[in-house]
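Numbering (the numbering used here), first residue to last: 5 to 644.
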C-alpha cells in the first residue's frame with residue numbers, strides 16, 4: 005500500500021468524571037462496548053482501560069480515516085488506569101454531564117491532560133435530555149473556563165443524549181473535521197509501543213496491545229521488551245481485527261510476539277525495534293499549570309515518596325530535591341526510581357505525591373552523571389528549559405570528567421528529534437570536534453593538542469633531528485582515557501598544521517632544520533633497503549649481523565627510512581620495505597573480500613612466508629588500525 009492511500013490513524017482517549025457517560029458515548033459512537041471485564045459490566049462502571057474504534061468512509065482522495073478510542077475510568081480510585089490510557093495520545097474527548105457540569109475528576113483529568121502535553125480536547129456534553137438550554141449554556145461556559153485554566157484548547161462542543169440517542173451523527177462529523185487540524189504522527193525514528201495489556205491466545209501465544217507512539221513496526225522484526233532485556237520477534241500485527249504486515253505510529257495495535265525467553269510481560273514495559281534507554285534517575289522540569297494559587301512550591305514535593313506515571317508504566321520512587329531556576333521560575337527536580345523505566349529527554353510524565361497531590365512535567369536529563377553537581381545542574385537545566393541545546397551540548401562536553409564522549413552520550417539530555425541537528429550545528433560552528441563516533445569540546449581538544457606539543461617538546465634536538473616519542477606513550481601521558489582513533493585525529497590536525505611530525509607510530513616536534521645525513525649513513529640506508537627488497541619481513545638483529553653494524557645504528561637508519569616512508573619497523577623487532585607492507589595489505593584485502601574474516605594461517609599462506617613473520621605483520625596492521633583482532637581472526641578496517 006502506497007503512502008498516498010494508507011489510512012490515516014489517530015488515537016484519542018476519553019476523559020471526565022465517573023458516571024458522566026464516557027463508555028456510553030463510545031458505545032453509541034462506534035457500536036463497540038469498550039467495557040471488556042465482567043465486573044465492569046456488572047457494576048456498570050469502567051475500572052480499567054477499554055478500546056473501541058470508528059471507521060470513516062473512504063474519501064475522494066482514496067484515504068480512509070480510522071480513529072481509535074481508549075476508554076479510561078473516571079473514578080478517582082482507578083486514576084492509575086486512567087493515566088495508563090492517556091499516554092501518547094493527540095487529543096481527548098472530554099465528557100461532561102450537562103446536569104452536573106464539571107466535577108472533581110473532570111478537573112483532575114483536564115489537569116493530567118495538560119501535564120502530559122495533550123493540549124486539545126473535543127467536549128462532549130452528555131445528558132442534554134435532562135438539562136434545559138440555559139443549563140447547557142452555563143455548563144459550556146464552565147467547561148471552556150476550565151480548559152483555558154489548564155491551557156487546553158477547546159476544539160468544539162458536541163451535544164448528545166445517550167438515552168435518546170441524539171447528536172451522535174453530528175459528533176462523528178465534528179470528529180472528522182477536528183482531526184484535520186492535528187499533525188499526523190511522525191513515522192521517523194525507532195518504533196516504540198508502551199504495553200497496556202497482555203494476554204495469551206490459543207494457537208498464537210503471547211499478545212500485547214498498545215498505541216504505537218513513534219516509528220514503524222513490521223511482521224518479522226526482532227524487538228526488545230524493556231525494562232527486562234527480553235528479546236522477541238513480531239509474528240503478527242492487527243489493528244481493530246484487521247491483519248497488517250506493517251504499522252505506522254498513531255495506530256492501536258495487537259502484536260503477537262514470539263519470545264526467545266520464557267518471561268512474563270506486563271503493562272508498563274515497552275516494545276521497540278531498537279535498544280531504548282532504561283533509566284533509574286530523572287532530572288526533570290515540573291510544569292506549573294492552572295491558576296497561580298495552584299502552583300506548587302519546592303517544599304510541597306521535595307524529599308518524599310512519589311509515584312511516577314510515564315507511558316503505561318507506574319513506578320515508585322523518591323523525589324530527592326526540588327529547586328527553582330531563573331527561567332520562568334521553573335522547578336527542577338531529581339527523581340530516583342525504585343524500578344527502572346524507559347524514558348528519554350523530552351518525555352512527559354505525571355507524579356502523584358502525598359494523599360491527593362498531582363503534578364508532572366518534562367524529562368530533561370536521564371541518569372545524571374556524577375560530575376554534574378547541583379551548581380552545574382542549575383546552569384545546564386536553565387539551558388535545557390530554554391531549548392538552547394547548542395549551549396547545553398557545549399557546556400556538557402566542556403565540563404564532563406572524561407576528555408571525550410561517545411556520540412550517544414547526547415541521548416542523556418537531547419530529545420531524539422533534535423539530536424542530529426544540534427550536533428551538526430555544533431560541528432559547523434566549530435565548538436565540537438567529531439570523529440569515529442566520538443565527540444569532544446573544541447576548547448578541550450585545543451587544550452589536549454597544546455599538551456601534546458608540550459610533551460613532545462621535552463626532548464632536545466640532536467644532529468639527527470628532534471627526539472621522537474611513541475604516540476601511545478604520549479596518549480597515555482596526555483589523555484589516557486581518550487579513544488585511540490580520536491587521539492590520532494587530533495595528532496593529524498597538529499601534523500596538518502605543521503606543529504608536529506608523525507612517522508609511523510612515532511611523533512616529534514616539527515623542525516625547520518633538516519637533519520644532517522652523512523655519506524656513510526646514506527650508504528648504510530641503501531644497504532638496508534637492498535636487504536629489505538629481498539625479504540618480505542626480517543629481524544632487525546639479522547640486518548645488523550648481515551651488515552656487521554651496530555643495532556642502534558641500524559635502528560636509527562630504519563627510523564629515518566620510516567620518516568621517508570621507504571621502510572617500516574614491524575612489531576618492534578622486525579622490518580619490512582614499503583613495497584612489502586603494501587603487498588601484505590593487498591593480501592589482507594583479498595582474504596577479507598572472499599571470507600569476511602582473516603585467519604593467520606590463510607594470511608601466511610597467501611604471502612608464502614613463515615608464521616613468525618605473518619604474526620609480526622598482523623601485529624603491525626593491528627597497531628596501525630588497519631585490522632582489528634576478533635578472537636583468533638582479524639577483520640579489515642582500512643582497505644589498501
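Glycine included, C-beta positions come from ideal geometry on N, C-alpha and C.
Go to residue 308, then tell me how far its beta strand (DSSP E) extends in each direction, as first and last residue.
For residue 308, the uninterrupted beta strand (DSSP E) run begins and ends at 308-314, by DSSP.
What is the DSSP secondary structure of residue 13, counted as helix, strand or coil?
strand
Assuming residue 457 and residue 401 make a contact with CB atoms under 8 angstroms, what is their CB distance in whole Å?
Contact doesn't hold; Cβ gap of about 22 angstroms is too wide.
Are the CB atoms of residue 222 and residue 98 nearer to each other than 7 angstroms?
No. Outside cutoff.
Would you check if there are 3 or more beta carbon pairs closer than 8 angstroms linking the segment 272-279 to the segment 226-238?
yes
In its own chain, which residues sit with a C-beta less than 6 angstroms from the C-beta of residue 493, not counting the 5 before and 5 after it?
439
Nearest-angstrom Cα distance between residue 150 and residue 158?
Rounded to the nearest angstrom, the two C-alpha atoms are 10 angstroms apart.
Do the segment 300-320 and the segment 197-204 touch if we need at least three Cβ pairs shorter than 8 angstroms?
Taking a cut-off of 8 angstroms for Cβ pairs, the segment 300-320 and the segment 197-204 touch, as three or more such pairs fall below it.
Could you name each continuous beta strand (DSSP E) segment of 3 residues or more that falls completely within the segment 130-164, going from the start of the chain to the end?
Correct list: 157-163.
List the endpoints of the continuous beta strand (DSSP E) containing residue 344.
335-346
Mind checking which residues open and close the beta strand (DSSP E) that includes residue 634?
It spans 631-634 - the beta strand (DSSP E) in which residue 634 sits, taken as one unbroken run.
Closest by CA to residue 391, which one among 32, 561, 289?
289
To the nearest angstrom, report how far apart residue 507 and residue 566 are at their CA atoms.
6 angstroms
Out of 217, 203, 261, state which residue places its alpha-carbon closest to the alpha-carbon of residue 225.
261
Start and end of the beta strand (DSSP E) containing residue 198?
196-205
Compute the Euclidean distance between the alpha carbons of residue 76 and residue 170, then round it to the nearest angstrom.
23 angstroms
Alpha carbon to alpha carbon, how far is residue 208 from residue 13?
26 angstroms
Any contact between the segment 378-386 and the segment 446-460? By contact I mean 3 or more CB pairs, one from each, below 8 angstroms.
no
For the alpha helix (DSSP H) containing residue 430, list its first residue and its last residue.
423-433
So, using beta-carbon positions, are residue 361 and residue 119 closer together than 7 angstroms?
no
Buried or exposed: residue 541, going by 16 or more other Cβ atoms within 10 Å of its Cβ?
Of the residues assessed, residue 541 falls on the buried side of the cut-off, its CB having 16 or more other CB atoms within 10 angstroms.
Taking residue 549 as part of the alpha helix (DSSP H), name the residues at either end of that continuous run.
Per DSSP, residue 549 is one residue of the alpha helix (DSSP H) stretching across 544-551.
Considering Cα atoms alone, identify which of 142, 349, 307 is closest to residue 358.
Here the closest residue by C-alpha is 307.
Mark residue 47 as exposed unless 16 or more other C-beta atoms lie within 10 angstroms of its C-beta, in which case mark it buried.
Any answer about residue 47 is weak, because its pLDDT of 44 lies below 50 and its placement is not dependable; what the coordinates show is given next. Under this definition residue 47 is an exposed residue.
Give the DSSP bridge partners of residue 325, in chain order.
338
For residue 624, which of helix, strand or coil comes out of DSSP?
Three-state DSSP puts residue 624 in a helix.
Using a threshold of 7 angstroms, state whether the C-beta atoms of residue 141 and residue 103 are closer than that.
No; because the gap between Cβ atoms is not below 7 angstroms, this pair is not in contact.
Touch check for the segment 586-594 and the segment 547-562: three-plus C-beta pairs under 8 angstroms?
Between the segment 586-594 and the segment 547-562 there are fewer than three C-beta pairs closer than 8 angstroms, too few to call the two in contact.
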